[in-house]
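Chemist:
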Amino acid sequence: MFMEKERKELIAYGKKLVTEGFTKGTGGNLSVFDRKQGLMAITPSGIDFFEIQEEDIVIMDLEGNVVEGHRLPSSEWYMHLIQYQERDDIDAVIHAHTTYGTVLAVLREPLPASHYMIAVAGKDVQVADYATYGTKELAENAAKAMKDRRAVFLANHGILAGAQDLLNAYNIIEEVEYCAKIYCVAKSMGEPVILPDEEMELMAEKFKTYGQRQTSK
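Residue numbering for the sequence shown follows the UniProt record's numbering, beginning at 1 and increasing consecutively.
Here is the structure:
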């Protein structure tokens, strides 16, 4: 089997998304890209994360062809693939249906720099224009809105995050959801104070070394 180690990681982080309340049922999907082989391992479509087996993971190439696997890949496979085609800083992608992030996505409201931890994703988190799930249009909208960032809200849908590995991609999901929750609660009480771009640029520099999570590749 191709990408045996990555298969195990995808299953583990898929389960973690559910147990930590970042998605429900079969909602969401995860992938990892092996740049040396030019192959993407992605979770299958419509299978509960606690039932996915290693052989259920689908292996695809950069042209979208299935190289190995008997299952259908996630319906959002192109939303993952386009990140690997266009970004050299992303080798893992996670899409989830987090609660507060999706609240902002439904409101079509970006997450501004209301908390410094948003810097794990960029100076803010934008909302991609709406498109039907599983379409090329949604993938392209997400890639466009995620430019110069590592996370994006999908209008009326959920969140997408990318990083050098699953550990970091999951960390971005986790931190953005926390910041989205704080922002939503703060908005219910008043008007959140937004940090200036200069401060977020400083945070971006500090985050390059502070608490850095090293890739295992």
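Glycine included, each C-beta is placed from N, C-alpha and C at the ideal position.
Count the other C-beta atoms from every protein chain shown that fall within 10 angstroms of the C-beta of residue 40, then say buried if there are 16 or more, exposed otherwise.
Modeler: On the sequence shown, residue 40 is found 40 positions in, with the first residue counted as 1. Per the 10 Å Cβ criterion, buried.
Chemist: What is the C-beta distance between residue 43 and residue 29, in whole angstroms, given that I count them as a contact (C-beta under 8 Å)?
Modeler: Here residue 43 refers to the residue found at position 43 of the sequence shown. Here residue 29 refers to the residue found at position 29 of the sequence shown. Going by Cβ atoms, the distance from residue 43 to residue 29 rounds to 5 Å, so yes, they are a contact pair.
Chemist: Tell me whether residue 80 sits in a helix, a strand or coil according to DSSP, three-state version.
Modeler: Within the sequence shown, the letter at position 80 stands for residue 80. It is helical.
Chemist: Report buried or exposed for residue 74, applying the criterion of at least 16 other Cβ atoms within 10 angstroms of its Cβ.
Modeler: To locate residue 74, count along the sequence shown from 1; it is residue 74. It counts as buried.
Chemist: Tell me the start and end of each unbroken beta strand (DSSP E) in the region 80-133 that is at least 3 residues and wholly inside, in chain order.
Modeler: Correct list: 92-96.
Chemist: If you check the beta carbons only, do residue 22 and residue 172 fall under 8 Å apart?
Modeler: As a first step, residue 22 must be located in the sequence shown, where it is residue number 22. As a first step, residue 172 must be located in the sequence shown, where it is residue number 172. Going by C-beta atoms, residue 22 is not nearer than 8 Å to residue 172.
Chemist: With distances taken between CB atoms, is the gap from residue 163 to residue 150 smaller than 8 Å?
Modeler: Taking the first residue of the sequence shown as position 1, residue 163 is located at position 163. Taking the first residue of the sequence shown as position 1, residue 150 is located at position 150. For residue 163 and residue 150, yes; Cβs fall inside 8 Å.
Chemist: Check whether the region 78-85 and the region 106-115 are in contact - that is, three or more C-beta pairs closer than 8 Å.
Modeler: Touching, no, given that fewer than three Cβ pairs across the two stretches are closer than 8 Å.
Chemist: Using only the alpha-carbon positions, how far apart do residue 233 and residue 202 sit?
Modeler: The first residue shown for the chain is 1 and the last is 217, placing residue 233 beyond what the model contains.
Chemist: Going by Cα to Cα distance, which pick from 69, 25, 188, 49 is closest to residue 9?
Modeler: As a position in the sequence shown, residue 9 is number 9, starting the count at 1. Residue 49 is the option with its Cα nearest to residue 9.
Chemist: Under 7 Å Cβ to Cβ from residue 35, same chain only, skipping five residues before and after it: list those, please.
Modeler: For the purposes of this step, residue 35 is taken as residue 35 along the sequence shown, with counting starting at 1. Excluding sequence neighbours, residue 35 sits near 91.
Chemist: Have a look at 63, 46, 69 and flag the residue whose alpha-carbon is nearest the alpha-carbon of residue 57.
Modeler: As a first step, residue 57 must be located in the sequence shown, where it is residue number 57. Comparing Cα positions, the closest option is 69.
Chemist: Reducing DSSP to helix, strand and coil, say where residue 68 ends up.
Modeler: Working through the sequence shown from its first residue, we reach residue 68 at position 68. In this structure, residue 68 counts as strand in the three-state DSSP scheme.
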